[in-house]
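Just so we're aligned: 30 in our numbering is position 36 of the sequence shown, and the numbers increase by one with no gaps anywhere.
A virtual CB, placed ideally from N, CA and C, is assigned to each residue, including glycine.
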Amino acid sequence: MLVLLAGNSATAQTCPPPGELEDRCIELTAQGAHEVSEVQLSPGQPTTFRFDSDVRADGMTLENREHFEVAPGKRLITLEPSEKARGAKPSTLTVCFADGSAPACTSFRLIIHPAMGERRVEIFRHARSLDSVQAELRKTREENTGLRAEVQRMRAERDRPDGLIGLFASGMMGGEGIPSHNITESITARESNTLQQSKVKTLRAPGRVAMELWLENPDTAKSWTPRGAVLVGAKGERLDATFWPAEPIPSGERRSIWIEVMAPKKRTEGTFTLKLWEADGQRTFVIGNVTFPTLAVAPGL
-5 MLVLLAGNSA TAQTCPPPGE LEDRCIELTA QGAHEVSEVQ LSPGQPTTFR FDSDVRADGM
55 TLENREHFEV APGKRLITLE PSEKARGAKP STLTVCFADG SAPACTSFRL IIHPAMGERR
115 VEIFRHARSL DSVQAELRKT REENTGLRAE VQRMRAERDR PDGLIGLFAS GMMGGEGIPS
175 HNITESITAR ESNTLQQSKV KTLRAPGRVA MELWLENPDT AKSWTPRGAV LVGAKGERLD
235 ATFWPAEPIP SGERRSIWIE VMAPKKRTEG TFTLKLWEAD GQRTFVIGNV TFPTLAVAPG
295 L
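Next comes the structure, spelled out in structure tokens:
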């Protein structure tokens, strides 16, 4: 949802830095559509709300309207509390906009002060089309669904015992253990790689595959910090991978990195290319002809 903060209007105005504008300034965003801004009014003193978008004539509601003199307009709304408003509870002013974009409406909590009221309130609205907001919300819901599934998986694994018992209880290992295969001699490496491999081992368990890589950083001046990893199949299919640990490989030193992919067996059959990239995306490590061992058929698998 953070992306909603930015809006999509290249010409949207923003409030100037504090001290450069004598009047009150409020910015509206789609993400903050339900926020209510407080505005201070004083009996006998008019307060003008100036909007940078047209408001609907039938889209304004004001609690305790009998306590206010109201002058509505397309972009200006002036309120002047009467003496009846003195000592009264705060009222809410709600205004809706005419263009159908988000935020569609906004509300203000009107605080009555006996002597000091704000004379002018500038409202700058960062509008987004409803289609854009709905598409963003759909994407967010899909991401949340994936995250909930991952949380459920992690909770299920957490409820199992650790160690060897946990491996058997989860079905990840049977009587024949977890098959592994040293593929150091059979892989292909790109000449542009900024790391050098000394050992590459692959492993397979039900629903997942893993790799253990021993990598050396030959750069004498700069460490190498992994940021992301992916397996790419022969037909271009991508399998997102997790890695551990996410720690720098110091200059001239050798470290091990574990790569893991959660996927059904059929998706991890055949030959793959592993792509591992650094934090800034400039330096990469790519090896091809990566294969995984066949899952042993044994009780418990």
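Contact check, residue i vs residue j under 8 angstroms by CB: the rounded distance?
| i | j | result |
| --- | --- | --- |
| R69 | F45 | 5 angstroms |
| R340 | T41 | The shown model of the chain, from -5 to 295, leaves out residue 340, and the question about it has no answer. |
| E72 | A65 | Looking at the sequence shown, residue 72 is not Glu but Thr. So it is a contact: roughly 4 angstroms between Cβ atoms. |
| A129 | I106 | Not really, about 42 angstroms apart at Cβ, beyond 8 angstroms. |
| I117 | I243 | At roughly 52 angstroms, the Cβ-Cβ gap does not stay under 8 angstroms, so I117 and I243 are not in contact. |
| D48 | D17 | Between D17 and D48 the Cβ distance is about 20 angstroms, and since that is not below 8 angstroms, they are no contact. |
| E206 | S250 | 6 angstroms |
| R198 | F286 | 5 angstroms |
Going by Cα to Cα distance, which pick from the options is closest to residue i?
| i | options | result |
| --- | --- | --- |
| G53 | V89, E21 and E137 | V89 |
| A143 | M256, T182, E16 and A204 | M256 |
| L289 | M167, E231 and A82 | M167 |
| K260 | G227, I243, K269 and A240 | G227 |
| T178 | G282, P10 and E21 | G282 |
| N176 | V284, A24 and V30 | V284 |
| P37 | P10, E77, L270 and T262 | E77 |
| L270 | E137, S31 and L189 | L189 |
| Q34 | P108, S95 and C9 | P108 |
Take the Cβ of residue i as the centre, count every other Cβ of all protein chains shown within 10 Å, and call the residue buried at 16 or more, exposed below.
| i | result |
| --- | --- |
| S180 | exposed |
| H120 | buried |
| G111 | buried |
| Q276 | exposed |
| V145 | exposed |
| N211 | buried |
| P97 | buried |
Is the beta carbon of residue j closer than 8 angstroms to that of residue i?
| i | j | result |
| --- | --- | --- |
| A204 | Q191 | no |
| E272 | W218 | yes |
| R122 | F91 | no |
| W252 | F237 | yes |
| P258 | A240 | no |
| S85 | E60 | no |
| S174 | K193 | no |
Excluding the five sequence neighbours on either side, which residues of its own chain have a C-beta within less than 6 angstroms of the C-beta of residue i, listed in chain order?
| i | result |
| --- | --- |
| N187 | F279 |
| F62 | L73 and P75 |
Leaving out five residues on either side along the sequence, give the residues of the same chain with a beta carbon under 7 angstroms from the beta carbon of residue i.
| i | result |
| --- | --- |
| A338 | As shown, the chain starts at -5 and ends at 295. That puts residue 338 outside it, with no answer to give. |
| A235 | A223, V224, L225, I253, E254 and V255 |
| A82 | N58, H61 and I106 |
Can you list, in chain order, the residues of its chain whose CB lies under 8 angstroms from that of residue i, leaving out five sequence neighbours each side?
| i | result |
| --- | --- |
| C99 | A27, G53, T88, V89, C90 and F91 |
| L(-2) | Caution is warranted here: a pLDDT of 37 is assigned to L(-2), below 50, making its placement in the model unreliable, and the coordinate value is therefore given only provisionally. The answer, listed in chain order, is T23, A24, Q25, R122, V127 and E130. |
Are the C-beta atoms of residue i and some chain B residue less than 8 angstroms apart?
| i | result |
| --- | --- |
| D93 | Going by chain labels, chain B is absent from the structure shown, which holds only one protein chain. |
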